[in-house]
Amino acid sequence: MPKSTDRHTHAFSVGHLARRPEAGSLVGLVLVYAFFAIMGGAVFIGAPGWSSWLNIAAEVGIVALPVGLLMIAGELDISVGSVIPASQMTAAIVSGYFGLPILLGIAAGLGVGLMVGYVNGLLVTRTSIPSLIITIGTMFGVMGFTLGFAVLIAGSTSVFLVPDPVTKLILGTFIGGMFNVSIFWWIAFAAVIFFVLHYAPIGNWIFALGGDRDSARNAGIPTAALTIRLYMLSGFAAAFVGILQLMTYQNAQVATGQSFIFNSIMCVVIGGVILTGGSGSVIGIVIGTATFAIVNQGIFFSGLDPNVGSVIIGALLLAAVLSNDGFRALALKYSTKKG
Amino acid sequence: MKLGKILATTAMLTLVAGMASAEGSKIFVIGGKPDDPFWSRVKLGAEHAGKVAEAQGGSVTWLGPQNYDNLGPDAAELIRQAIDQGADAIVGPDWVPEAMDPAFQAVVAAGIPLVIYNAGGIDAADRLGAMNYVGAVDYKSGYAGGEYLGKAGHKNGACVNTLPGAANIEAFCNGFNDGLAAAGGTGSVLQLPATAFGDATAVAQAVRAHLLQNPTIDAMFAIGDQDTNATISGIQQAGKAGSVHVCGMNFNDSILANIQAGSQACAIDQQGYQQGFFAVSILNNFVNYGVTIPTREILTGPGVIDASNVELVIAGVQAGAR
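Those sequence lines, one after another, are chains A and B.
Per the numbering used here, the first sequence starts with residue 9, numbered consecutively.
Per the numbering used here, the second sequence starts with residue 219, numbered consecutively.
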């Protein structure tokens, strides 16, 4: 029944499981969770512990998913770090400072993300500059514009917005007083991007793009348009996280968001995506994000020095890359044996 | 002829004396960018004190940098500009001692009365030979928060340090713990990893986890206004609203609303308006009348904002003074 060419089939053999790209990440997740479950005790295993790391995972996860797609396609996006404050500041100025309808503010915030993504995509496809450098450039540019316009228009580096109850409920509430609604948005993003990468034809194009860009173009894939769309998606997702934070904390600041740059890349790499592109999976990115969040939050339940958390994340990152290589070697061995 | 000469000389002397008294004191104030929200309040305080100086025929001139990219050298240049423009007195912050101390030494060498304000502390004033220091002290700001919560009957405190290693943040937290201890409580520091800085969700979740693991904590201190909002969110998510009480550094509209609503106990303000007002007043009175303030180290903060005075603070915000 399971065809060996079908990537989506779930077979119940150890060999097949080990060949999946997220196998190594899953082992990491289980080990990390077990470690903190023992250290953190009942509170960490219960609902307070779950909501604690899920709230963290949701926000970084929404950014990590499209950043992961870009990395599978062989590109990086550093600009997400300043799109988050830019979108929330835009929404807060439009709806909070000028008092215009909240939908307009949200649209303007998301529009900023799409626009930055479009510029990134255009620069990456039209020039031969590496995307790392281009998006570092746009990150600083957007950061400067955000600070400049915030001070120029609102006269302050922090702007407030009190959302109406419906907007607050959809974008910034805590269910049961602890589970942030962002968790459901993360699930929605993951579901859509899972479909795009693993079921829609465009998914194969993304893998092809990261595998070999020139061959992909020769095969008739519209590589430039696809790259631009991927950057717009990551700009949109970062802007969306900015809006979620604005609705939750009702306060936009120009200095927020920088931590998302490295955190999102780490989640993607721990999830088994290879930096050079061409390989990875949405399930892996979700697992990597969960692992990252469990370490980040578990540390506060464990009573260990918080700096130990950073050490563990660093070690996990290296372990993930090493085990990915190991699992890939294993996968290649298995498939050659099968012929 | 002789009479005429005497008359002319007398007239001249009268004119000179009259000019001297009409001139009053030319005071130069070096400060931050005028569009910086904090510095706009310092500037307003300096201008209000300047109204007295103007009534006496003097003036107050604000010198601020265009941006903060090259703060030390730019501010040192502004100090030298003030000397060149014939200042009778100078007020300045000692932000970057390495770059600015030589310029301040030139002020003192020229015999111009100097007051250090906002940054540097009484140590800088003593080192440079300035008349006084006007400003807040980080340690005492934290101390005020700890003392406030301790006196309200809270026993176990935690200071949320989102920037481990920064000297002023360590001073806030040490002050908080000492202030709480003085009122009979004990304090600790919740240190966040560097990956959490500037991320409200990370701060809120760290606070929440810490409270769940340490259920006896009933008091918290946050080092900035955004961190305070995140800390309150973490307390609410831990189901501890009403049983864990928060004080935080600085304030904004949402913090004043929280104090009114009772979800925040107090905010600590370094009261920038006072820094501008008193620094200029001290120098104006000294230049015109030779009167001095023998108290060394004029503290403008901490000012504690709580439910008892929040309405007054809101009125002050509307006037641009807070």
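For glycine and all other residues, C-beta sits at the position ideal for the given N, C-alpha and C.
| query | result |
| --- | --- |
| Cutting at 6 Å between CB atoms, please list the residues of its own chain near P382 of chain B, excluding the five before and the five after it. | Q409 |
| Give every residue of the same chain whose Cβ lies closer than 8 Å to the Cβ of I248 of chain B, excluding the five residues on either side of it in the sequence, and list them in chain order. | L281, G282, A293, L296, I297, A300, I308, V309, G310, P311 |
| Alpha carbon to alpha carbon, what distance is there between M97 of chain A and F168 of chain A? | 9 Å |
| Can you pull the chain A neighbours of N470 of chain B, defined as C-beta to C-beta under 9 Å? | S164, S166, F168, N259 |
| Of the residues that make up the segment 440-469 of chain B, which ones have a beta carbon closer than 8 Å to any beta carbon in chain A? | D443, Q444, N447, A448, S451, Q454, Q455, A456, G457 |
| Measure the Cβ-Cβ separation of G363 of chain B and G353 of chain B and say whether it is below 9 Å. | no |
| Do G317 of chain A and M47 of chain A come within 9 Å of each other at the CB atom, strictly closer than that value? | no |
| Applying the 10 Å Cβ sphere with the 16-neighbour rule, what's the burial state of F192 of chain A? | exposed |
| At least one CB of chain B closer than 9 Å to the CB of P173 of chain A: is that the case? | no |
| Taking contact to mean 3 or more Cβ pairs, one atom from each stretch, closer than 8 Å, check whether the segment 246-261 of chain A and the segment 89-103 of chain A are in contact. | yes |
| Name the DSSP beta bridge partners of L408 of chain B, please? | B:V378 |
| Find the residues of chain A that neighbour T419 of chain B, judging by a C-beta separation of less than 7 Å, and give them in chain order. | N63, I64, E67, Q253 |
| Tell me where the beta strand (DSSP E) around I486 of chain B begins and ends. | 484-487 |
| Is there a Cβ of chain B sitting closer than 9 Å to that of A116 of chain A, yes or no? | no |
| Compare the Cα-Cα distances from G375 of chain B to each of B:P315, B:V462, B:R514 and report the closest residue. | B:V462 |
| Could you name the residues of chain B that G296 of chain A contacts, counting a contact when the two beta carbons are closer than 9 Å? | Those do not exist, as G296 of chain A stays about 15 Å from chain B at its closest Cβ, beyond 9 Å. |
| Could you pull the DSSP bridge partners for Q261 of chain A from this structure? | A:S166 |
| Going by beta-carbon coordinates alone, are G218 of chain A and G32 of chain A separated by less than 9 Å? | no |
| Using beta-carbon positions only, say whether G185 of chain A and Q455 of chain B come within less than 9 Å of one another. | yes |
| Is there a C-beta anywhere in chain B that falls below 9 Å from the one on D85 of chain A? | no |
| Residues in the same chain with beta-carbon distance under 8 Å from G402 of chain B, minus the five sequence neighbours each way, listed in chain order, please. | G368, K373 |
| Give the interface partners of G185 of chain A over in chain B, defined as CB-CB distance under 8 Å, in chain order. | Q454, Q455, G457 |
| Between the Cα of P56 of chain A and those of A:Q305, A:D313, A:P314, spot the shortest distance and give me the residue it belongs to. | A:Q305 |
| Whose Cβ in chain B lies nearer than 9 Å to the Cβ of V51 of chain A? | A427, L430, Q431 |
| Since D332 of chain A and G280 of chain A should fall inside the 8 Å C-beta cutoff, what is the C-beta to C-beta distance between them, to a whole number of angstroms? | In the sequence on display, residue 332 of chain A carries Asn and not Asp. Confirmed, about 5 Å. |
| Grab me the residues of L155 of chain A's own chain with a C-beta within less than 6 Å of its C-beta, minus the 5 sequence neighbours each way, in chain order. | V262 |
| Does the segment 333-352 of chain B come close enough to the segment 490-497 of chain B to have 3 or more Cβ pairs within less than 8 Å? | yes |
| Would you check if the segment 278-298 of chain A and the segment 131-140 of chain A touch, i.e. whether three or more CB-CB distances between them fall below 8 Å? | no |
| Using the rule of at least 16 other Cβ atoms within 10 Å of the residue's Cβ for burial, across every protein chain shown, is I137 of chain A buried or exposed? | exposed |
| Work out the CA separation of L330 of chain A and G243 of chain A for me, nearest whole Å. | 30 Å |
| So which residues of chain B does T264 of chain A contact, with C-beta pairs closer than 8 Å? | G416, D417, A418, Q444 |
| Pick out whichever of B:T419, B:I441, B:A418 has its Cα sitting closest to the Cα of N386 of chain B. | B:I441 |
| Given I291 of chain A, which residues of its chain have a CB within under 6 Å of its CB, disregarding the five upstream and five downstream residues? | E30 |
| Mind checking the segment 323-354 of chain B against chain A and listing, in chain order, the residues whose C-beta falls within less than 8 Å of any C-beta there? | none |
| Considering only DSSP beta bridges, list what I308 of chain B is partnered with. | B:F246, B:L332 |
| Counting only beta-carbon atoms, is T98 of chain A nearer than 9 Å to chain B? | no |
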